[in-house]
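Novice: Everything in the sequence shown is counted per full-length UniProt numbering, starting at 1 for the first residue and increasing by one. All residues carry an ideal CB built from backbone N, CA and C; glycine is no exception. Predicted, not measured: the structure shown is a model, and the values here were computed from it. Sending over a structure as structure tokens; questions will come in a sec.
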Amino acid sequence: MPIIRILPHPEYCPQGAEISAPAGTSICEALLDNKINIEHACDLSCACTTCHVIVREGFNSLNELDESEEDLLDRAWGLEPNSRLSCQAFLAQTDVTVEIPKYSINHAKENH
């Protein structure tokens with residue numbers, strides 16, 4: 001099973017973390033399943049950018065971006081070339097390292 005390394009984030013994961021998830025699982029699902037409560041205002045339907053992550057390692061192992069994700073990413077805070085919507089980024093067999101950006105476009109936090 002691939003490992004996801006989450007870099008420290010002051011709110012969601014202050015110490016950083018390492019979690020594992022089966023290939024084919026989205027990064028967002030894996031984080032949520034492991035009590036890292038990243039925002040996901042659209043309930044993983046690729047309709048917002050609140051679950052935006054920056055993939056620091058393993059970017060090329062993830063599935064290809066589709067046009068919907070590319071269009072939405074243009075609105076993400078702190079967009080970088082290796083940005084993904086974590087609800088649309090599915091794990092392969094390779095470990096990945098992700099950074100959760102400090103901010104999102106959400107003005108209010110959701111309680112999912």
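Which one or two residues does DSSP pair with A17 in a beta bridge?
Specialist: Translated into positions along the sequence shown, residue 17 becomes position 17. A17 pairs with I6.
Novice: Could you compute how far the alpha carbon of C87 sits from the alpha carbon of Q15?
Specialist: Here residue 87 corresponds to residue number 87 of the sequence shown, with the count starting at 1. Here residue 15 corresponds to residue number 15 of the sequence shown, with the count starting at 1. Cα to Cα, the separation comes out at about 23 Å.
Novice: For H107, name the three-state secondary structure that DSSP assigns.
Specialist: Counting from one through the sequence shown, the residue named residue 107 turns up at place 107. With a pLDDT of 47 at H107, under the threshold of 50, the predicted position of this residue should be treated as unreliable, though the coordinate-derived value follows. In the structure shown, H107 sits in coil (DSSP, three-state: anything other than H, G, I, E or B).
Novice: Taking the alpha-carbon positions, what's the S83 to N63 distance?
Specialist: The count along the sequence shown starts at 1 and reaches residue 83 at position 83. The count along the sequence shown starts at 1 and reaches residue 63 at position 63. Using only the alpha carbons, I get a separation of about 13 Å.
Novice: What's the call for A21, buried or exposed, on a 16-neighbour Cβ count within 10 Å?
Specialist: For the purposes of this step, residue 21 is identified with residue 21 of the sequence shown, where counting begins at 1. Flag for A21 reads buried.
Novice: Once the 5 residues before and after M1 are set aside, which same chain residues still bring their CB inside 7 Å of it?
Specialist: Here residue 1 corresponds to residue number 1 of the sequence shown, with the count starting at 1. Excluding positions up to five away in sequence, the list reads S20, A21, P22.
Novice: According to the Cβ coordinates, are I4 and C13 closer than 7 Å?
Specialist: Position 4 of the sequence shown, counted from the first residue, corresponds to residue 4. Position 13 of the sequence shown, counted from the first residue, corresponds to residue 13. Here I4 is not near C13, since their CB atoms are 7 Å or more apart.
Novice: Taking N36 as the reference, give the member of S45, H9, L44 with the closest Cα.
Specialist: Your numbering for residue 36 matches position 36 in the sequence shown. Position check: residue 36 holds Ile in this sequence, whereas Asn was assumed. Ranking S45, H9, L44 by Cα distance to I36 puts H9 first.
Novice: For C51, tell me which candidate among F59, E57, S26 has the shortest Cα-Cα distance.
Specialist: Along the sequence shown, one-based indexing puts residue 51 at 51. The candidate whose alpha carbon is nearest that of C51 is S26.
Novice: If I'm right that T97 touches R75 with Cβ under 8 Å, what's the distance once you round it to whole angstroms?
Specialist: On the sequence shown, position 97 is the one that residue 97 refers to. On the sequence shown, position 75 is the one that residue 75 refers to. 24 Å between Cβ atoms; not a contact.
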